[in-house]
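What follows is a single structure, written as structure tokens, with notes after it.
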Amino acid sequence: MYDQALNEVVCWYKYLMNKKASSWHIFSSLFLFQSTMFLVGLSGGIASGKSTVVAVLRELGCAVIDADVIAREVVQPRLKAYQQIVHYFGPEILLESGEINREALGNIIFSHPEKRRLLNSITHPEIQKEMLKQVLKYFVLGYRYVILDIPLLFETKRLTKFMKHTVLVYCDPQTQLARLMKRNGLSQAEAEARIASQLPLDEKRRMAAHIIDNSGDRESTRQQLHVAVTVPRHYSTSSLDWKTPH
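Its first residue numbered 1, the sequence shown is counted upward by one per residue in the numbering used here.
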């Protein structure tokens, strides 16, 4: 059964990589994993501390696929998404090194929703192809529990159906605002505008199956995750038992 499932996944992956498949077709491939893998969708909000949670999960031996890291990788020079972004947004969004100036591009899409949608239409298919590739890698290595760190998991909604569980990294609004102001050097008004551009954490909290409260320090977050995660005995297997805090 394992060999058959692996063969089906490999064949479907090769098909997708050689076709102009839509984002929906790419991610629907995860249905092939659902009988043999436990996929956890992890998300948060700006300055909620999701990066800290991901770092701790990796320390605890979990397989984590980081969509933010992939998003930076797929727009490297000479790649398909890079070429399309330069074509539509112009060379003025490039650094002297030829790489994309993420801050300049971010400023453009922050104030122009239609350009944000255009950018998403360019990058999301490439990001999702790479995520599927990494799920396949962990499948071959023997992992059966994989955490997918997806920033817009609850905004898109349609991706949640491919997850066995969804987890939100939460922090209270005051902490979120203070962290964002300090991290990005923003005024209170600027930070509030950035936060307001996203789905509120309290709304995401109602949509998530489980919550990790990251309002405190790193050790507090680590203790919550240590309770939730059973550290794997071997590099190729892991066991996950998420518990919702009361």
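Built from N, CA and C at the ideal position, the CB exists for glycine as well.
Member of the options whose CA lies at the smallest distance from the CA of residue i
| i | options | result |
| --- | --- | --- |
| Pro-151 | Glu-99, Asn-214, Lys-204 | Lys-204 |
| Glu-126 | Lys-50, Val-74, Gln-84 | Val-74 |
| Ala-191 | Asp-202, Ala-208, Pro-173 | Pro-173 |
| Glu-114 | Met-131, Ser-97, Lys-133, Phe-89 | Phe-89 |
| Leu-177 | Leu-201, His-165, Leu-132 | Leu-201 |
| Lys-137 | Pro-91, Ala-63, Leu-225 | Ala-63 |
| Phe-38 | Val-135, Gln-188, Ala-189 | Val-135 |
| Leu-148 | Asp-213, Cys-171, Met-131, Arg-206 | Met-131 |
| His-165 | Ile-211, Lys-182, Arg-117 | Ile-211 |
| Lys-182 | Leu-153, Val-54, Gly-49, Ser-43 | Gly-49 |
With 16 other Cβ atoms within 10 Å as the buried cut-off, status of residue i
| i | result |
| --- | --- |
| Glu-103 | exposed |
| Asp-66 | buried |
| Lys-129 | buried |
| Val-167 | buried |
| Ser-220 | exposed |
| Val-169 | buried |
| Tyr-2 | Confidence at Tyr-2 is low in this model, with a pLDDT of 49, below 50, so the placement of that residue is unreliable and no value is reported for it. |
| Pro-245 | The pLDDT assigned to Pro-245 is 38, lower than 50, so where the model puts this residue is not dependable; a value taken from the coordinates is nonetheless given after this. The residue is exposed, with fewer than 16 neighbouring Cβ atoms inside 10 Å. |
| Ser-97 | exposed |
Sequence-distant residues of its chain with Cβ nearer than 7 Å to residue i (five each side left out)
| i | result |
| --- | --- |
| Ile-46 | Leu-180, Arg-194, Ile-195, Gln-198 |
Chain-order list of residues whose beta-carbon lies under 8 Å from that of residue i (same chain, five-residue window excluded)
| i | result |
| --- | --- |
| Asn-101 | Ile-93, Leu-94, Leu-95 |
| Gln-76 | Tyr-82, Glu-99 |
| Arg-218 | Thr-52, Val-56 |
| Ala-249 | Because residue 249 is not part of the residues shown, which for the chain are 1 to 246, the question remains open. |
| Gln-84 | Ile-122 |
| His-226 | Leu-60 |
Bridge partner(s) assigned by DSSP for residue i
| i | result |
| --- | --- |
| Thr-166 | Gly-41 |
| Val-64 | Ile-147 |
| Leu-132 | DSSP, once it has assigned bridges, lists no residue as partnering Leu-132. |
| Asp-213 | Tyr-170 |
Proximal residues to residue i (C-beta, below 6 Å), its chain only, five neighbours per side dropped
| i | result |
| --- | --- |
| Leu-119 | Ile-109 |
| Arg-222 | Val-56 |
| Arg-58 | Val-64 |
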